[in-house]
Structure formats: C-alpha cells, structure tokens
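Novice: Take this structure first; my questions come after.
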Amino acid sequence: MAPPATASASASAPVSLLFLSLPLSPSSCRGLPAPHTHLPPRRLALAPARLGAALLSSLGDAQEEEEYDDEEEEELVVVGYVSGAHGVRGDVLVSPRTDFPQLRFATPGKRWLRARAAGKQQVKEFELVRGRAHTGKKSWIVTFDGVDSVDEARQIVGSAILVKVGDRPKMEEDEIYSLDLVGMRVIVKDTGKLVGTVGQVFNFGAGDLLQVMVGGTEDTVSQPNSENQGSTPSGEHVWIPFAEDIVPDIDMESREMWITPPKGLLELNARSDKRSKKERRAMVRSASSFSCMLCSMYKAFFRT
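Numbering (mature numbering (1 follows the signal peptide of the UniProt record, and there is no 0)), first residue to last: -29 to -1, 1 to 275.
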C-alpha cells in the first residue's frame, strides 16, 4: 500500500482548493471578521426618505431629476404621496393630490417617484401595474412593478408620485388646476391692496381653501418696486374660500387674482404662525372643522 501523501510530497498539489474545502471551526476563524450572515439585523427604522432613495437607486433605470431630459423637456408635477404599505406583496397606500385619481392611480403606465437622500432629491421611473380605490378611505391601493414585498413597499413610503405636466387632462375654459394657483398674488379688488401670495390650496371636503401668506400691510399693485412683493412671507397667513363670489377674477398671465372678501373675513381668520409645534399640530387636526366654519361664514355673509 502506498504511503499517505504529505504536503511536501507534491509541490503542485492544489493547496488553496484543499484549504477552501476544509470545514472552518469558530476557533480557526478567530481574528477574522464575522460572516455577513452572523451580523446583527440592520436597523431599518431610518428616515423613510433615505430608505426610499435606496430603493429608488436599485429599481428602475431612470436618471435623477436634474439629469432627466426628454425631447419635449416636460416638467413633472406631484399627484400624490406614498403613505404606507398595504398587505405583504408590495402594494402601497397612496394619498391623492389630484382631481383625477382614477386616471393617476388606476391606469397602468409610467410614473415617477421622488425621494430625498443626503440632502439631494432622486427621481426614478416606475411602472404602475394596477390600482384601486381603498374602500371607505380617501386613499388608493397601488402596485408598482419591481416592488414585490412589504419591506420594499415600506422603503418608498414618503415618496412623492409624479407625472408629466403634459399628461394632465385639458381643462375647460373656466377651470383651473389648483397647483396653478400656488404663487399667485392676491389683491383686494376694491382697494388694490396686496394681501399676499397663495402658499397652498387645501380641500377638507367642504370646498377649496386658499392659504395666503400675508405680505406688508401697505403693499398695493401700484407699488411694483415694493421690496415686500418679492420678499419671503412673514409667516402670517389668512384663509380665503376659493369661491366665485370671493375670487371673481383670475389673471393667469400676470399671476394675479382679485378678491372681494366680505367685511372682516381677512381680519377674522388671520393668525400668526408663532405657535408651538403642539399648537400647530392641533390646528392641523382641526383643519376640517375650520374649513366647514369658513364655508358657513361665507354662506352667512352672502345670505339674502
């Protein structure tokens, strides 16, 4: 019988392969980094925007928004936000910010998701597979191609859903997209006094409300060089119901709207934003009731 082979007997033996084939005991790995499978679970309770950006980087093949450029150079507008995960198969809940939720969330096609990572926004293209209204809720259940698990769904929570401006349905002559109102100057028709600039448009179920960021009290249209007209809002704002009797004239070209507010309306609901976070949260929770109150005031002012 041939004697057993030794390491010195064969210089050409595949030592490295033999070494890799040997089972490794914990003691033989002492001083080496622990295998990846033995690492503690990663903490996924990070900021949603950061996780969303990670998933955006791994799914889809679109470029970032700054680099996005097509032949028509169309801009993207927000139509909703991913508010949560739904089920275990990757579906997400969407809070709509559009008057056309059926078109935006139930029609298959391209959408874009925007998230923020390291202070920089990332926009990626996704394919919307299907969607349906969430029964009894003001949200939609949407399925995106490539988002196949609850973990992946959670990673895009907080992302904005965008579409191309050119994909918006054409409006009738007397209709306006609420997004187009943001940034418009608000002027009292009788006096020419500049009230401020539309900051946001809300709808809590009782009609649209304009949140107007208040400018200087002495600004008027006849003062085009006023420093306040181009300045940052002071933090004070007023609520104005977006109704034809109160907002009779809108000039889209000059980005101005002329209002005829009932006497005392602006003074009644003006408030300073110098409140604590707790007070501001309470204001948000009572926003629906506040909307109903303003609409009731509006009806009372014009009751004949």
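The beta carbon of each residue, even a glycine, is placed where N, CA and C say it ideally should be.
(1) Pick out whichever of 164, 178, 220 has its Cα sitting closest to the Cα of residue 317.
(2) How long is the line joining the alpha carbons of residue 84 and residue 235, rounded to whole angstroms?
(3) Between residue 162 and residue 228, what straight-line distance do the alpha-carbon atoms span, to the nearest angstrom?
(4) When DSSP labels each residue in this structure, what does residue 66 get in the three-state scheme?
(5) Would you kindly work out how many angstroms separate the C-alpha atoms of residue 107 and residue 124, rounded to a whole number?
(6) Exposed or buried, residue 158, counting other C-beta atoms within 10 Å across all chains shown (16 or more means buried)?
(7) Would you mind listing the beta strand (DSSP E) stretches within the segment 93 to 173 that are 3+ residues and don't spill past its ends, in chain order?
(8) Quick one: is the Cβ of residue 106 within less than 8 Å of any heavy atom of the ligand SAM?
(9) Just to check my reading of the structure: residue 97 and residue 117 have Cβ atoms closer than 8 Å, yes? What is that Cβ distance to the nearest angstrom?
(10) What are the start and end residues of the beta strand (DSSP E) that includes residue 212?
(11) Can you tell me whether DSSP reads residue 16 as helix, strand or coil?
(12) Could you please give me the residues that DSSP links to residue 60 through a beta bridge?
(13) Can you tell me whether DSSP reads residue 238 as helix, strand or coil?
(14) Given residue 59, which residues of its chain have a CB within under 8 Å of its CB, disregarding the five upstream and five downstream residues?
Specialist: Inspection of the coordinates gives the following:
(1) Residue 317 cannot be examined here, being either before or after the span of the chain that is shown, -29 to 275.
(2) Using only the alpha carbons, I get a separation of about 43 Å.
(3) When rounded, the distance between both Cα atoms is 13 Å.
(4) If DSSP states are grouped into helix, strand and coil, residue 66 belongs with the strands.
(5) Looking at the two C-alpha atoms, the distance is approximately 22 Å.
(6) By the neighbour-count rule (16 or more Cβ atoms within 10 Å), residue 158 is buried.
(7) List check, beta strand (DSSP E) in window: 111 to 115, 131 to 135, 156 to 159.
(8) Annotation note on the ligand SAM: not contained in the displayed structure, which lists no ligands.
(9) Residue 97 to residue 117, Cβ: 7 Å. Contact.
(10) Start and end: 208 to 212.
(11) Per-residue confidence for residue 16 stands at a pLDDT of 34, beneath the threshold of 50, marking its modelled position as unreliable; no derived number is given.
(12) By DSSP's assignment, residue 60 forms no beta bridge with any residue.
(13) Residue 238: helix per DSSP, three-state reduction.
(14) The answer, listed in chain order, is 120, 121.
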